[in-house]
Amino acid sequence: MPHKNLAWVLFLAITIAFNACDTAYTPKPRGYFEIKFPERKYKTFDQPGYPYTFEYPEYATIIKDTSFFGDKPENPYWINIDFPSLNGKIYLSYKIIGQGQNNLQKLVDDAFKMTYKHTYKAEYIDENAISTPFKVYGTFYQVGGNAASAQQFFVTDSSSHFLRGALYFDAAPNADSLAPVNKFLNEDLLQLVKSLRWR
């Protein structure tokens, strides 16, 4: 009798296995958690003594940058715009043109090189010229693919001020999962550049 039960179970298992092979398999796309974005509102960064002012989102905080790859920043005007709820940060580094080896061409070349260091991971790099009525000129970079920073820019007045910004996330650079956040923060970066004023 036990052999009969074993034969029946074996027959049933084989039948189920063969029937399972007949069904068409449809691969499901990889899913990511839904991200709830905050309401978009801006306030002005207008700290006394700083050589620039701009608008930034109310859901961000400004943090003074105290370390640049373990070294002290070259001047006190380096800041970070932190987005705690989105796990991202815009690093802003400011340089005075003509001070030390900071001639304009070198600063532009350095900004270009820093962006194009992402080439080995980037699928593309789009460059868009920046020009506002407030003597703010430069380039905005959109870096596609799994690059560490998908959005970067530099702006200058061509004589005294040079500001570089780069958006980074505290997460593995995955273009698909970060796409909604990058798209959302793109508007904030553009607002920062559009509202930037030199002092």
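Just so we're aligned: the sequence shown equals residues -20 to -1, 1 to 179 in mature numbering (1 follows the signal peptide of the UniProt record, and there is no 0).
All C-beta atoms, glycine included, are put in the ideal place defined by N, C-alpha and C.
Asked	Found
Nearest-angstrom Cα separation, counted from M94 out to D106	14 Å
Distance CB(V135)-CB(L169) smaller than 8 Å	no
Distance between Q131 and A155 (C-alpha atoms, nearest Å)	12 Å
Buried versus exposed, by CB contacts within 10 Å (16 or more), A102	buried
P160 vs A127 beta-carbon contact at 8 Å	no
Length of the line joining the Cα atoms of T140 and K86	In the sequence under discussion, the amino acid at residue 140 is Ser, which differs from the Thr named in the question. Each residue's Cα considered, the two are about 14 Å apart.
Proximity winner among K163, G118, E35, relative to S138 (alpha-carbon distances)	G118
Through-space distance from K16 to L53, alpha-carbon basis	It should be noted that the sequence gives Pro, not Leu, for residue 53. Approximately 34 Å, taken between the alpha carbons.
Rounded Cβ spacing between I59 and I43 (contact assumed at less than 8 Å)	7 Å
Boundaries of the beta strand (DSSP E) in which D62 is found, first to last residue	59 to 63
Beta-carbon proximity check, L143 vs Y74, cutoff 8 Å	yes
7 Å Cβ shell around D90 - same chain, five flanking residues per side excluded	none
Closest by C-alpha distance to Q27, when choosing among T46, F164, L66, P56	P56
Boundaries (first-last residue) of the beta strand (DSSP E) holding N108	102 to 112
Of the residues E14, L158, V123, A(-8), the one placed nearest N108, counting alpha carbons only	V123
DSSP three-state assignment for I77, whether helix, strand or coil	coil
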